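Residue numbers (this note's numbering): -8 to 242.
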C-alpha cells in the first residue's frame, strides 16, 4: 500500500503489472510529483521483468537503435537499486537476459534531443556480444571493468578500461586480455595486453572490428605467438588482415 502525499509517496512490497510480460516488485519512494521531469524515483527492485516489445511500447525511440539487436535480449529480468529521474539516474543491478547476465553499477543520462551518455562499472561471466551487435565473427565475452560512453549506435563512442577474461572472435577464444582505449564506429584505438596460451604481448594501435573489412594498424611487442590457431595467417571472413607491426622479444 502507498502512504504519503502526492509530492512524497512511498510504497512497500508493491507489485505493478503492465501488458502481458512486465512485472515490477519491491519498495519505492517517489518525490517531486506532479513535475515528471524533476520527479525522483528511489526503487529497490526485488524483481523487474519485461521484454523488448513491451519496453518499446513505453520508449518507442529505441526502435531507432538499428546497430543493436535489442530483441535478441529476449526476456529481461533485473534486481537492484535505482535512484534518479526518468532521464538521469544511477543503477546498481544484476541484469539477466537471453544473451547472458551483466552486473552493472552505472550512471545514465538520457537528455531530450541529445545523445545518451553513461559511465560506471560492468562485469559479466558470459555475454553473447556478437548477437547483440549483429556480428557473426564475435561470440561470448567475459569482462570486468569500467566504461564511459555516449550514444548506443556506431556513431557513438565508449572508453573501455578493464579485463577481458575471455572473448571469442573469428572462431578462437582469446583469454586474459587487458584493454585500455576507445571504441567508435567498430574501430578500437588503444592498448591491449594479452597473455593467451597462443599469444603473449602488447598491441598498441587501431583495430577495425568490422567483419566486412577487418584491418589492424598497430605496433606489437610480442613475447609468444602461435598464429595458426588464431586464424591470423590468411584470408579472414569478409576481407584480408593487414598489419603494421614491430615484433620482438621472441624467446
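Glycine included, each C-beta is placed from N, C-alpha and C at the ideal position. These numbers come from a predicted model, not from an experiment.
Taking 8 Å as the upper bound for CB-CB distance, residue 5 and residue 17 are in contact here, some 7 Å apart. Using a Cβ-Cβ distance cut-off of 8 Å, the segment 99 to 115 and the segment 134 to 149 are in contact, since at least three pairs of beta carbons, one from each stretch, lie closer than that value.
Here residue 146 is exposed. Its C-beta has fewer than 16 other C-beta atoms within 10 Å. DSSP places residue 122 outside any beta strand (DSSP E); the residue lies instead in the alpha helix (DSSP H), whose first and last residues are 120 to 124. For the options 14, 180, 32, 31, the alpha carbon positioned closest to that of residue 46 is the one of 14.
The three-state secondary structure of residue 210, taken from DSSP, is strand.
Going by DSSP, residue 157 is part of no alpha helix (DSSP H) but of the beta strand (DSSP E) stretching over 148 to 160. If you ignore the 5 residues before and after residue 100, its C-beta comes within less than 6 Å of the C-beta of 79, 108, all in its own chain and listed in chain order.
The segment 62 to 70 makes contact with the segment 81 to 92, as at least three CB pairs between them are under 8 Å. Comparing alpha-carbon positions, the option among -3, 208, 191 lying closest to residue 215 turns out to be 191.
DSSP, reduced to helix, strand and coil, places residue 128 outside both helices and strands of the structure shown, so it counts as coil. By the beta-carbon neighbour count (other beta carbons within 10 angstroms, threshold 16), residue -6 is exposed. Per DSSP, reduced to three states, the secondary structure at residue 49 is helical.
Contact between residue 92 and residue 115 holds, since their C-beta atoms are separated by about 6 Å, short of 8 Å. Within the segment 48 to 84, the beta strand (DSSP E) runs of at least 3 residues that lie entirely inside it are, in chain order, 66 to 75. As the crow flies, the alpha-carbon of residue 33 is around 13 Å from that of residue -2.
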